[in-house]
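Heads up: the sequence shown at position 55 corresponds to 55 in the UniProt record's numbering, and the numbers run straight through without jumps. Glycine is no exception: its CB is placed at the ideal position from the N, C-alpha and C atoms. Okay, structure first, notes after.
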Amino acid sequence: MRLVVICIGRLKQGPERELAERYRERFEDIGRKLGFRGLEIHEIAESRARDTAARIAEEAAAISALLPDKYALVALDERGKSVDSVSFAQQLGRWRDEGLAHTAFVIGGADGLSPELQRKASLRIAFGSATWPHQMVRVMLLEQIYRAATILAGHPYHRA
């Protein structure tokens, strides 16, 4: 199974980009041994439309154009479910074991994800009830993906 992270907004050079890349590389190292075929990150420029509905629609179209065939969609949504790391790892493991080709994670823009994308999501998750900057959500997501791989591998990184 290949993992795809689709984000509205770009990370500038600096500590957030370095940390995100560090977790992506760590996942690549351990994930390959677990049957994961890689982790792609796609950045989409924020819509410049003046109207909120138009921004959400433009961003949804750009996200949809990058969604692979045969995928589970995971939406990062502040109103989503709070999922612990072990449950997150188990879900990724189930999708992998079922032979699912891709899991796509989407991080919407400042106005959120379109209702259509939210409906298509197999899972909607939140990192607590606080609102987080998009660049932090990306880093936290990549850390959780890496942590999930270590849990599936029985690696001591996750201590619970």
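- By the C-beta density criterion, ARG48 is exposed, having fewer than 16 other C-beta atoms within 10 angstroms.
- By the neighbour-count criterion, in which a residue is buried when 16 or more other Cβ atoms sit within 10 angstroms of its Cβ, ALA53 is exposed.
- Taking all protein chains in view, the Cβ of ALA61 is surrounded by fewer than 16 other Cβ atoms within 10 Å, so the residue is classified as exposed.
- Here GLU78 has ALA126 and THR131 as same chain residues with Cβ atoms under 7 Å from its own Cβ, once five neighbours each way along the sequence are excluded.
- For PHE88, DSSP assigns no beta-bridge partner whatsoever.
- A straight-line Cα-Cα distance of about 29 Å links GLY14 and HIS155.
- The beta carbons of LEU117 and ALA20 sit no closer together than 8 Å.
- The closest CA to that of ARG32, considering only ALA153, GLU46 and TYR71, is found on ALA153.
- ILE30 sits away from THR103, with the two beta carbons spaced by 8 Å or more.
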